[in-house]
Amino acid sequence: MKHLLSFLILIAALSVQAQDTLTVVQYNLLNYGNITGFCSASVNSVDAKDNYLIRITDYLEPDIFSVNEMGKSVEFHDRILNNVFKRDGLTRYARISVPNIANSEIVNMIYYNTDKVRFHSLAVAQSVTRDIDVVKFYYNSSSLSQGDTVFLHCIVAHLKAGEGSSNVLARTTMVLNTMNFLQSGYQPGNFLVMGDFNLYSPTEGAFIALTQAYAPTWVFNDPADRLGEWHSNSSFSDVHTQSTHTTGGCAASGGMDDRFDFILASTAVMEGTHCMKYVPGTYMALGQDGNHYNKALTDAPALSLENELVQALYSNSDHLPVVMKLEVDESMAVPESTAIESLHVVNPADDQVKMMCRLVRQSVLDVKLYNMMGALVTTHRFDVPSGSSVLSLSVGQLPQGIYLISLTEENGHKLTRKVFVK
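Just so we're aligned, residue 377 is where the sequence shown starts under my numbering, counting upward by one.
Below is the structure:
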């Protein structure tokens with residue numbers, strides 16, 4: 377009996393050690409370092425905003441902190457890292473670098489706790505209006521020396537603002553571009569799509585493309601499970617994220633009456649099938665108590681938060697930060713099975729099929745092309761180095777039509793894509 381009890385205690389201890397929790401935060405910073413005609417440096421001082429962010433991040437203790445409306449200058453990207461996350465000699469936080477292909481005045485940014493996660497790679501899904509960044513992290517596991525870890529992709533988006541059909545269409549275009557990018561180059565797994573979506577209704581094309589089976593394996597879920605007509609609807613006051621102000625200026629006016637800010641999770645994250653799972657009940661908008669519909673955050677009734685934190689939330693931005701927690705089950709982590717990180721086949725093809733791929737390590741790829749009857753029409757073996765490569769397969773003698781391309785790695789992992797040969 378004593379031996380059984382000792383064994384159970386050991387198993388319980390190992391289970392605790394194998395599990396960890398990540399705090400993920402998404403926040404619109406309201407023109408941090410970006411000067412506009414309505415948002416001057418004196419009204420929206422970065423000195424003041426740094427102090428507000430210290431108060432907010434000290435309270436939330438984020439492991440992944442993604443933001444929108446960051447000024448495009450690297451000076452401001454580093455400023456938050458140094459003044460907020462690395463103050464008092466702290467060293468555990470780092471940031472990504474964004475390419476800003478769209479050359480927007482405001483960009484996305486992610487700060488992350490290197491004790492918990494490490495940066496792997498970044499890609500830009502699309503650059504209409506603003507870049508949508510796809511950032512891959514890996515969990516900083518104690519088993520890294522054996523190659524074991526868990527991966528997480530954070531897709532950070534700031535969709536086009538405004539009502540009206542042209543703005544709705546712009547938001548839809550940005551999301552469809554992103555979904556096409558994911559479908560053509562990634563395998564489903566642990567994905568979050570997060571940001572200020574500027575959505576007025578779940579019936580907008582952008583939200584439908586994200587949540588209603590754009591492709592069977594690419595569906596994003598609302599962890600809050602609060603779908604409905606959010607705009608100016610008191611029934612959804614518990615999930616509204618904008619505006620913290622009733623009077624205009626740098627901040628938008630109107631009080632809390634819109635749900636603009638989201639963290640949506642892939643089915644793998646919701647169900648925990650890839651060693652990472654949403655912790656039920658942890659999704660929230662910090663400062664939202666459901667009692668401030670059409671009110672400012674500082675209006676009565678008082679929030680059950682320290683007054684300095686409420687003032688920081690009110691003064692820093694017209695948006696509230698959205699928060700959720702993820703549980704990581706390190707005991708189930710396995711080595712990354714595939715060398716292919718991303719794959720995009722250029723369509724249509726003329727004389728050559730162009731395959732743009734990125735490998736995390738060198739691999740030999742067997743590429744086979746099949747017609748729609750299932751007959752093998754050509755094959756080629758490529759020795760592909762790590763990093764980005766363009767592979768070409770000659771198809772100039774083939775009749776016009778749709779073909780299937782199969783890429784098989786040395787370990788047997790296989791990817792299949794369609795290509796139209798003109």
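All C-beta atoms, glycine included, are put in the ideal place defined by N, C-alpha and C. These figures come from a predicted structure and were not determined experimentally.
If you draw a straight line from the Cα of His453 to the Cα of Asp726, it is about 43 Å long. In the DSSP secondary-structure assignment, Val443 is bridged to Tyr403 and Met485. Its Cα nearest to that of Phe636, the residue Gly604 stands out among Gly604, Glu682 and Cys626. By the criterion of a C-beta distance shorter than 7 Å, Trp594 is surrounded in its chain by Met555, Leu558, Gln559 and Pro564, once the five residues flanking it on both sides are discounted. Taking a cut-off of 8 Å for Cβ pairs, the stretch 419-431 and the stretch 453-462 touch, as three or more such pairs fall below it. Under the Cβ criterion (8 Å, minimum of three pairs), the stretch 737-751 does not count as touching the stretch 681-690. Bounds of any beta strand (DSSP E) do not take in Gly581; it lies within the alpha helix (DSSP H) bounded by Gly581 to Thr587. In the DSSP assignment, Asp637 falls within the unbroken beta strand (DSSP E) covering Asp637 to Ser642.
By a beta-carbon distance limit of 8 Å, Leu640 contacts Phe596. Their separation comes to about 4 Å. If you draw a straight line from the Cα of Gly571 to the Cα of Ile486, it is about 11 Å long.
Unbroken alpha helix (DSSP H) stretches of 4 residues or longer found wholly inside the stretch 672-703: 683-692, given in chain order.
Using a Cβ distance threshold of 8 Å, Val401 and Val704 do not count as a contacting pair. The residue among Arg471, Gly631 and His621 with its C-alpha nearest the C-alpha of Ser610 is Gly631.
In the structure shown, the three-state DSSP call for Thr792 is strand. Sequence-distant Cβ neighbours of Asp634 in its own chain, meaning closer than 8 Å and more than five residues away, are Tyr576, Trp606, His607, Ser608, His616, Thr617, Gln618 and Ser619. The beta carbons of Ala501 and Asn553 sit closer together than 8 Å. Note on Asn574: 16 or more other CB atoms within 10 angstroms of its CB, so buried under the neighbour-count rule. DSSP lists no beta-bridge partner residue for Gly772. Across the structure, Cys733 and Ala417 are spaced so that their CA atoms are roughly 44 Å apart. Beyond the five residues adjoining it in sequence on each side, Ile508 comes within less than 6 Å, by CB distance, of Ala501, Gln502, Ala533 and Thr554 in the same chain, given in chain order. Looking at the DSSP output, Asp759 sits in a beta bridge with Val740. DSSP, reduced to helix, strand and coil, places Lys512 within a strand of the structure shown. Take Arg737, set aside five residues on each side of it, and the residues of its chain with a beta-carbon closer than 7 Å to its own are Ala715 and Ser762, in chain order.
Per DSSP, the continuous alpha helix (DSSP H) segment holding His453 begins and ends at Val450 to Ile456.
Going by beta carbons, Val510 and Ile477 fall outside the 8 Å limit. Contact annotation, Asn484 with Val493: C-beta distance approximately 17 Å; criterion of less than 8 Å not satisfied.
The bridge partners DSSP lists for Ala725 are Val797. According to the DSSP secondary-structure assignment, Lys462 is paired through a beta bridge with no residue.
With a cutoff of 8 Å on beta-carbon distance, Met652 and Val526 are scored as near each other. 8 Å or more divides the Cβ of Leu719 from the Cβ of Gly538.
When the alpha-carbon of Met550 is set against those of Thr505, Pro578, Thr579 and Asp598, the nearest one is in Thr505. The straight-line gap separating the alpha-carbon atoms of Phe414 and Cys626 is approximately 6 Å. The Cβ-Cβ distance between Ile472 and Asn410 does not fall below 8 Å. Per DSSP, the unbroken beta strand (DSSP E) holding Asp572 starts and ends at Phe567 to Asp572. Nearest to Val740 by alpha-carbon distance, out of Phe758, Gly465 and Gln395, is Phe758. Secondary structure of Phe527 (DSSP, three-state): strand.
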